[in-house]
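>
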Amino acid sequence: MRFVEYGRGTMREMWKMRKYAMVLMALALTIILTPDTVTAASAAVPGSPMGVTAAAGDGQATVSFSPPASDGGSAITGYIVTASPGGAAATGTASPITVNGLTNGTDYTFTVAAVNAAGTGAASMASNSVKPFAVPPSIDDSFINMGGILVYPDSIDPEKPSITMEVKPAQGVAYVSIPADILQSYAERNADFFMEIRAPYGSYRLPARLPSLIPGLSELLKAQSLSMEDIRFRITLTDKSSYPSIQSALTEGLPNAQPIGPAVDFGIEIVRIETGQVIGHVDTFKEPVIRLIPLPSDLTAMPERWGVFRYDEANQRFDFVPARAIQIDGFWHALINSNTNSVYVAADNAVSFSDVPSSHWAYSAIDLAASKGLVAGVGGGRFAPSQPVTGAEFAAMLKRAIGVEVLIGNGAASDQPLTREEMASMLAAAVRSVQPQTAPASVSLDAYKDIAAVSLDHLADIQLMIELGIMTGSSADTFDPKGVTTRAQAAIVFVRTLQALELIDG
1 MRFVEYGRGT MREMWKMRKY AMVLMALALT IILTPDTVTA ASAAVPGSPM
51 GVTAAAGDGQ ATVSFSPPAS DGGSAITGYI VTASPGGAAA TGTASPITVN
101 GLTNGTDYTF TVAAVNAAGT GAASMASNSV KPFAVPPSID DSFINMGGIL
151 VYPDSIDPEK PSITMEVKPA QGVAYVSIPA DILQSYAERN ADFFMEIRAP
201 YGSYRLPARL PSLIPGLSEL LKAQSLSMED IRFRITLTDK SSYPSIQSAL
251 TEGLPNAQPI GPAVDFGIEI VRIETGQVIG HVDTFKEPVI RLIPLPSDLT
301 AMPERWGVFR YDEANQRFDF VPARAIQIDG FWHALINSNT NSVYVAADNA
351 VSFSDVPSSH WAYSAIDLAA SKGLVAGVGG GRFAPSQPVT GAEFAAMLKR
401 AIGVEVLIGN GAASDQPLTR EEMASMLAAA VRSVQPQTAP ASVSLDAYKD
451 IAAVSLDHLA DIQLMIELGI MTGSSADTFD PKGVTTRAQA AIVFVRTLQA
501 LELIDG
């Protein structure tokens with residue numbers, strides 16, 4: 001073993017160095033533990049926004065997107081949209097954001113980056129490519145622009161039931177631009193008139209009453225000192241079958257689904273005629289509007305377990321929408337009657353549950369309801385058909401199935417198991433919401449020996465459910481009004497209700 005001797009001076013230097021190191025460590029700890037520094041150290045930049053899409057205007061583009069999955073631990077304070085080529089940028093606090101100063105006739109894509117206290121996150125994937133276009137106001141104000149072809153309004157006869165406008169898409173987008181006052185004038189002559197805007201991958205039946213169906217339109221125009229003569233509606237049909245965000249949401253949310261047609265985005269923009277600026281987007285309507293998606297020409301019969309699903313961009317998932325299969329000129333189409341603009345796709349969606357064998361008494365209804373997304377399992381590949389359903393659960397299922405909110409009892413959905421008579425009243429309320437002209441039922445309930453046990457408030461609703469064939473007795477002579485509703489029974493009545501309303505095939 002070797003010993004090393006240090007002189008007195010050497011030891012003094014080592015002690016100085018040690019004290020110096022300790023001071024540095026203390027300073028470092030002080031810096032790290034400062035509150036501002038802790039915040040900066042713990043926060044990270046946000047993730048990339050998702051589902052970025054763009055729509056062109058005159059010298060501008062409107063870019064829509066979904067927030068990133070992660071905000072980095074700090075609230076997102078804004079977004080930066082960047083155009084390529086050229087690098088033109090715009091900022092905003094939420095989707096959509098309009099980028100101005102673009103050159104008409106030039107193809108652009110756009111990326112979006114989120115900003116928080118820690119800085120700017122990575123840019124998103126590029127949007128679809130769009131080409132801003134100029135529309136001469138002196139020519140186009142009084143015309144209908146059908147994908148670049150100008151149509152004189154007087155050449156259309158609104159006294160007829162409808163007119164079909166065949167539109168050739170450019171870069172996967174087909175559009176028709178209609179002055180609002182012209183559309184309104186058609187409605188004044190024929191309130192039932194509609195214009196079917198048809199692209200190779202989808203059709204939109206646009207009611208002439210469109211302005212009256214848009215929630216908040218009057219308030220929007222008033223806030224900007226505009227009238228119907230100052231705006232036009234730009235209706236777009238975009239084939240988004242190849243969009244990564246759509247493919248990903250379909251794969252993750254509906255793993256068993258096999259698309260049997262294109263994924264089509266139906267959209268409507270409100271455009272100020274004078275400037276070409278998009279001043280609003282029509283996301284919902286006061287009543288359902290019809291859309292059609294053509295299915296493969298070699299499809300000879302519809303799959304047994306098919307459905308149509310709508311993309312919920314905010315939650316990046318596909319949800320059920322009512323739809324029927326119809327034939328037009330010998331070819332199958334999915335007919336969608338919905339209050340919402342979005343991306344729609346028809347798919348064969350085979351779903352099975354380990355606790356619902358083909359021999360189960362409710363197998364057919366559960367199988368159909370699950371394939372259409374009306375009901376879901378409880379996890380682990382199980383459906384739990386005999387499990388009771390609470391009023392709150394049934395209300396949520398009903399809203400998902402039909403799109404209406406129905407309350408029970410004292411005005412709030414119950415957390416207790418739902419009785420059969422309560423279920424009848426909720427279903428009756430939903431039917432009357434969709435079809436206000438529904439007449440009171442006249443069917444006799446005398447065959448049920450326990451009908452006297454029905455609460456008077458539910459009696460007329462039970463009559464309606466029996467008359468429409470949505471509900472039956474628990475046996476030939478028993479209704480069992482106080483009996484508990486099960487998940488299997490809920491699946492059955494949802495299917496029957498949608499069939500009675502002609503929202504899905506019978």
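Just so you know, we're using full-length UniProt numbering here: the sequence shown kicks off at 1 and counts up by one. We treat Cβ as the ideally placed atom computed from N, Cα and C, and that holds for glycine. This structure is a prediction, so every number in the text was calculated from the model and none was measured.
#1: With Gly202 as the anchor, note down where its beta strand (DSSP E) starts and where it stops.
#2: So the alpha helix (DSSP H) Gly253 belongs to, where does it begin and stop?
#3: Can you check the UniProt domain "SLH" (349–412) for any alpha helix (DSSP H) of at least 4 residues that lies completely inside it and give the ranges in chain order?
#4: For Gly276, which residues of its own chain have a beta-carbon under 6 Å away from its beta-carbon, when the five flanking residues on both sides are left out?
#5: Is it buried or exposed, Asn256, if we count other Cβ atoms within 10 angstroms and call 16 or more buried?
#6: Any chance you could list the alpha helix (DSSP H) runs of at least 4 consecutive residues sitting entirely within the stretch 242–313, in chain order?
#7: Over the uninterrupted alpha helix (DSSP H) stretch that includes Val493, give me the two end residues.
#8: Just how far apart, CA to CA, sit Ser474 and Pro200?
#9: Given this structure, state the Cα-to-Cα distance separating Pro207 from Leu213, to the nearest angstrom.
#10: Is it true that the CB of Arg234 sits closer than 9 Å to the CB of Ile270?
#11: Is DSSP giving Ile139 helix, strand or coil here?
#12: Please work out which residues of its chain come closer than 8 Å, Cβ to Cβ, to Ala122, disregarding the five sequence neighbours upstream and downstream, and give them in chain order.
#13: Are Ala53 and Ser64 touching if we call contact CB-CB under 9 Å?
#14: At the level of alpha carbons, what is the spacing between Thr497 and Phe110?
#15: Go ahead and label Asn410 buried or exposed: buried means 16 or more other beta carbons lie within 10 angstroms of its beta carbon, across all protein chains shown.
#16: Where do the N-terminal and C-terminal ends of the beta strand (DSSP E) with Asp461 fall, by residue?
#17: Taking Ser203 as the reference, give the member of Pro385, Pro357, Leu335 with the closest Cα.
#18: Straight-line CA distance for Val264 to Lys240?
#19: Run through DSSP, which three-state label would Tyr448 get?
#20: Quick one: what does DSSP say Ile182 is sitting in, helix, strand or coil?
#21: How would you call Lys399, buried or exposed, if buried means at least 16 neighbouring beta carbons within 10 angstroms?
#22: What is the rounded straight-line gap between the Cα of Asp312 and the Cα of Ala369?
Checking against the coordinates, here is how it stands:
#1: Unbroken beta strand (DSSP E) run through Gly202: 202–207.
#2: For Gly253, the enclosing alpha helix (DSSP H) has its first and last residue at 244–253.
#3: You should have 363–371, 391–402.
#4: Answer for Gly276: Gly57, Asp58, listed in chain order.
#5: A residue is called buried when at least 16 other Cβ atoms come within 10 angstroms of its Cβ; Asn256 does not meet this threshold and is exposed.
#6: Those alpha helix (DSSP H) runs which fall completely within the stretch 242–313 and span 4+ residues are 244–253.
#7: Annotation: the continuous alpha helix (DSSP H) that includes Val493 extends over 487–500.
#8: The straight-line gap from Cα to Cα measures roughly 49 Å.
#9: The alpha-carbon atoms of Pro207 and Leu213 are separated by roughly 9 Å.
#10: For Ile270 and Arg234, yes; Cβs fall inside 9 Å.
#11: At Ile139, the pLDDT of 48 sits below 50, so the modelled position is not reliable and the matter cannot be decided from this model.
#12: Within the same chain, Ala122 has close Cβ partners Val45, Gly47, Ser48, Ala113.
#13: At residue 53 the sequence reads Thr, which differs from the Ala that was named. Taking 9 Å as the Cβ cut-off, Thr53 and Ser64 qualify as a contacting pair.
#14: Taking the straight line joining both Cα atoms gives about 44 Å.
#15: Its pLDDT being 46, under 50, Asn410 is placed unreliably in this model, and the value from its coordinates should be taken loosely. Burial is judged here by how many other beta carbons sit within 10 angstroms of a residue's own beta carbon; Asn410 has fewer than 16 and is exposed.
#16: Asp461 -> not in any beta strand (DSSP E); alpha helix (DSSP H) instead, spanning 456–468.
#17: Its Cα nearest to that of Ser203, the residue Leu335 stands out among Pro385, Pro357, Leu335.
#18: Cα to Cα, the separation comes out at about 6 Å.
#19: Here Tyr448 carries a coil assignment [DSSP, helix/strand/coil].
#20: Reduced to three states, the DSSP call for Ile182 is helix.
#21: Lys399 comes out exposed.
#22: Cα atoms of Asp312 and Ala369: separation of roughly 20 Å, rounded to the nearest angstrom.
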